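Each residue of the sequence shown is one higher than the last, beginning at 183 in our numbering.
Think of the CB as a built atom: it goes at the ideal place given N, C-alpha and C, for glycine as much as any other residue.
For clarity, every value in this text was computed on a predicted model and none was experimentally measured.
Report on the following structure.
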Amino acid sequence: MVDAFGRPLHDLRISVTDRCNFRCTYCMPKEVFGHDYRFLDRKELLDFEEITRLARAAVSLGVRKLRLTGGEPLIRRGIEDLIAMLSELDAEVTLTTNASLLPRKAQALKDAGLDRITVSLDSMDDSTFRAMNDVDFPVERVLEGIEAARAAGLHVKVNSVVKRGVNEQEVVPLARHFRETPHILRFIEFMPVGETNHWHTEEVVSAAEIVELINAEFPIEPAEANYRGEVAKRWRYKDGKGEIGLIASVTQPFCGDCTRSRISAEGKLYTCLFAVRGHDLRALIRSGATDEQLAAKLAQIWRVRGDRYSELRSQGTVDPAVGERKVEMSYIGG
Ligand code: SAM
183 MVDAFGRPLH DLRISVTDRC NFRCTYCMPK EVFGHDYRFL DRKELLDFEE
233 ITRLARAAVS LGVRKLRLTG GEPLIRRGIE DLIAMLSELD AEVTLTTNAS
283 LLPRKAQALK DAGLDRITVS LDSMDDSTFR AMNDVDFPVE RVLEGIEAAR
333 AAGLHVKVNS VVKRGVNEQE VVPLARHFRE TPHILRFIEF MPVGETNHWH
383 TEEVVSAAEI VELINAEFPI EPAEANYRGE VAKRWRYKDG KGEIGLIASV
433 TQPFCGDCTR SRISAEGKLY TCLFAVRGHD LRALIRSGAT DEQLAAKLAQ
483 IWRVRGDRYS ELRSQGTVDP AVGERKVEMS YIGG
């Protein structure tokens, strides 16, 4: 099954909560996500049975990778039970986390059937990191989480968002730290997701610039993609000490290869990270739809999908979503 541009549906990202215990300044700034912010109520969230039914329908249409995200997925109570349910399906189950709860949860996640994990870490410098997460969370505890995941037998990747004037000086220290480990580090360009992070082009440190910064310290060369449509461009260290990835969503959009869709914690399906509207699958599921009807709805939505936000934005001078409110990363799931 392919969409209007011939793209298959391969990946489903499932947000299990819109809440997070961090307040990263570029994602959930305190002045917006403060005490009076209205997060989703428990009854508004899809329950684990509902999530599993939607995931099963997606797998029946060709999805091979399920990624749990949020918000912070590890703060959803009983997340291990959901992983156990999803691991019964014919798809890889992965999760993206800030690692704050990993030291105590890594083994249970692995035992439940989690295949791989991605940890977000934007700085090796403790004061920069504390300022970025804005809840004074120390780098050391994230590193403990990564180590707990490794010890539990989980394959770990590390993602770093680079924002000019905030953490570009951390690119080389991050590279230095992770090239001594089995974990692949990937740098992500700061993206214009949502409406609350006041994104501006000048704050984007391009993948090309990141490559230059690293190459000056540790020479690197391009490596072959592992598969067609791989989001991160691979670069390997010339001295054989591993590789890094670059996700150039802004300067080199990859809409043409985008095989991802996303379900928000309240069950809305979005076919683009930069979408303004979702499709309400919770209403369908709660109205008694069968598994076949759920799969048919997903297929119907996917077949007409024509999203290519990043390509359009990079081609024109006008934001394709101008005048409309894009959904927040913490809501749709990173
Ligand atoms: N709480 C989990 C975590 O920290 O990984 C999962 C959700 S978080 C929204 C997922 C990822 O999105 C994080 O790595 C975060 O840095 C990234 N992110 C948030 N806003 C972003 C933006 N505007 N551009 C690029 N990445 C962003």
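Beta-carbon within less than 7 angstroms of M306's beta-carbon, same chain only, minus the 5 sequence neighbours each way: which residues are those?
Counting only Cβ-Cβ distances below 7 angstroms, and skipping sequence neighbours, we find V321, E352, P355, L356 and H359.
What residues match up with S342 in a beta bridge as DSSP calls it?
For S342, the beta-bridge partners assigned by DSSP are F369.
Can you tell which of I233, S302 and R259 has its C-alpha closest to the C-alpha of M267?
Here the closest residue by C-alpha is I233.
Out of E493, A237, S388 and W381, which one is the CA nearest neighbour of D193?
Here the closest residue by C-alpha is A237.
Any heavy atom of the ligand SAM within a distance shorter than 8 angstroms of the CB on E371?
E371 Cβ: within cutoff of the ligand SAM.
Let me know the secondary structure DSSP gives H359 once reduced to three states.
It is helical.
Range covered by the alpha helix (DSSP H) that runs through V393:
That run of the alpha helix (DSSP H) goes A389 to E399.
Span separating the alpha-carbon of I467 from that of H217
Note on geometry: alpha-carbon atoms of I467 and H217 lie some 32 angstroms from one another.
Can we count V301 as close to the ligand SAM, meaning its CB is less than 8 angstroms from some heavy atom?
At least one heavy atom of the ligand SAM is nearer than 8 angstroms to the Cβ of V301, so yes.
CB-CB under 6 angstroms to A330, same chain, minus the five flanking residues each way: which ones, in chain order?
When the five nearest sequence neighbours on each side are left out, the beta carbons in the same chain lying within less than 6 angstroms of the beta carbon of A330 are those of L284, P285 and A288, in order along the chain.
Taking only runs of the beta strand (DSSP E) that begin and end inside the region 440-471, which ones reach a length of at least 3 residues, in chain order?
Counting only runs of 3 or more, we get 442-445 and 450-452.
According to the Cβ coordinates, are A457 and D501 closer than 9 angstroms?
Contact flag unset, no.
Confirm the yes/no value for this check: CB of D304, any heavy atom of the ligand SAM, distance under 8 angstroms.
True, at least one ligand heavy atom lies under 8 angstroms from that Cβ.
6 angstroms Cβ shell around R346 - same chain, five flanking residues per side excluded
Contacts found: E385 and V387.
Can you tell me whether T199 is helix, strand or coil according to DSSP?
Coil at T199, not helix or strand.
Would you call the CB atoms of D297 and T276 closer than 9 angstroms?
With a cutoff of 9 angstroms on beta-carbon distance, D297 and T276 are scored as near each other.
Are N315 and R201 closer than 9 angstroms when you measure CB to CB?
Taking the C-beta atoms as reference points, R201 is found no nearer than 9 angstroms to N315.
Taking DSSP as the reference, what is the three-state secondary structure of R258?
Three-state DSSP puts R258 in coil, outside helix and strand.
For Y419, which residues does DSSP report across the bridge?
When DSSP reads this structure, Y419 sits in a beta bridge with I402.
Hey, how far is the Cα of L291 from the Cα of E391?
A straight line joining the alpha-carbon of L291 with that of E391 spans about 36 angstroms.
Residues bridged to G515 (per DSSP)
Looking at the DSSP output, G515 sits in no beta bridge, so it has no partner there.
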